[in-house]
Amino acid sequence: MDTLTKRQEKLLNDSPSSLFFKLSVPGIIGMLVFGFYQFVDGVFVGQFVGPEGMGAVGLVYPFSLLNNGISGLIGTGAASIVSRSIGSGKNDVLKKIFPIVFLLNFIICAIVTAISIIFAPQIVTFMGGAGEMHSLGVQYMRVVIAGTFFINFAASSNMLIRSEGMIREAMFILGSGAVLNLILDPLLMVVFDMGIRGAAAATVFSQA
Numbered sequence: 017m018d019t020l021t022k023r024q025e026k027l028l029n030d031s032p033s034s035l036f037f038k039l040s041v042p043g044i045i046g047m048l049v050f051g052f053y054q055f056v057d058g059v060f061v062g063q064f065v066g067p068e069g070m071g072a073v074g075l076v077y078p079f080s081l082l083n084n085g086i087s088g089l090i091g092t093g094a095a096s097i098v099s100r101s102i103g104s105g106k107n108d109v110l111k112k113i114f115p116i117v118f119l120l121n122f123i124i125c126a127i128v129t130a131i132s133i134i135f136a137p138q139i140v141t142f143m144g145g146a147g148e149m150h151s152l153g154v155q156y157m158r159v160v161i162a163g164t165f166f167i168n169f170a171a172s173s174n175m176l177i178r179s180e181g182m183i184r185e186a187m188f189i190l191g192s193g194a195v196l197n198l199i200l201d202p203l204l205m206v207v208f209d210m211g212i213r214g215a216a217a218a219t220v221f222s223q224a
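224 is the number that my numbering gives the last residue of the sequence shown; the numbers go up by one with no jumps.
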């Protein structure tokens, strides 16, 4: 049996009510933060590109939520395995499960990225995009989807960090990415004159 860390021992010995709040709060914050990225993109795009750009971000958002569901599927399953292994007194499962999470994200994201980049015009049309909003939606989607691996891996690996008891670290990672996105959005859109692509790139860089 492997030696458990102090954080993992707390997961086993603290009261259920205390653990509920300690573990649920970062999870709730995580969900809010991942929605916050495109909310911030929409605000900056609305200011610097116009209402059509803001509408384009809104068109892509449901597809991004669907894509984030993939990372949640992988992360939740992996975190469950890690949590159960800690409960049984084993401490080496994370080292084994982490490469699997990486590989699953890479394979699934490669497929999703290829399909989405190729069929981005059709997907945006299906979501209701037309005219300039359609053009901007395709631009935004292709950049965001190109960084799908970073976005999904950030979400699923953060669940692993929380399942190991590193709650503060998980919250810091999520928070720092959100702050970085706030800085990069106007920088890439205005200073580097990337327009709506800059907003998408800011999201990808922040997650990476």
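Just so you know, even glycine gets a beta-carbon here, dropped at the ideal spot from N, CA and C. Predicted model, so just to flag it, every value in this text is computed and none were measured.
Looking at the structure shown, is residue i part of a helix, part of a strand, or coil, going by DSSP?
i: Gly191; result: helix
i: Asp57; result: helix
i: Ala216; result: helix
i: Ser31; result: coil
i: Asp108; result: coil
i: Gly66; result: coil
i: Glu180; result: coil
i: Met175; result: helix
Can you give the Cα-Cα distance for residue i and residue j, rounded to whole angstroms?
i: Ile167; j: Asp30; result: 32 Å
i: Ser34; j: Gly193; result: 27 Å
i: Gly163; j: Ser40; result: 28 Å
i: Met17; j: Lys112; result: Its pLDDT being 42, under 50, Met17 is placed unreliably in this model, and the value from its coordinates should be taken loosely. Using only the alpha carbons, I get a separation of about 16 Å.
i: Ala186; j: Pro137; result: 36 Å
i: Ile44; j: Gly181; result: 16 Å
i: Ile124; j: Gly144; result: 26 Å
i: Leu203; j: Arg178; result: 32 Å
Using a Cβ-Cβ cutoff of less than 7 Å, which residues in the same chain neighbour residue i once the five nearest sequence positions on both sides are dropped?
i: Gly88; result: Ala171
i: Phe122; result: Phe165
Keeping to the same chain, check which residues put their C-beta closer than 6 Å to that of residue i; ignore five residues upstream and five downstream.
i: Val109; result: Val98, Ser101
Looking at chain B, is there any beta carbon in it that lies within less than 9 Å of the beta carbon of residue i?
i: Ile212; result: No chain B appears in the structure shown, which is made up of a single protein chain.
#### Entry: Cβ pair count under 8 Å reaching 3, the region 115-125 against the region 193-212
no
### Query
Counting Cβ pairs, one atom from each stretch, are 3 or more of them under 8 Å apart for the region 57-71 and the region 85-104?
no
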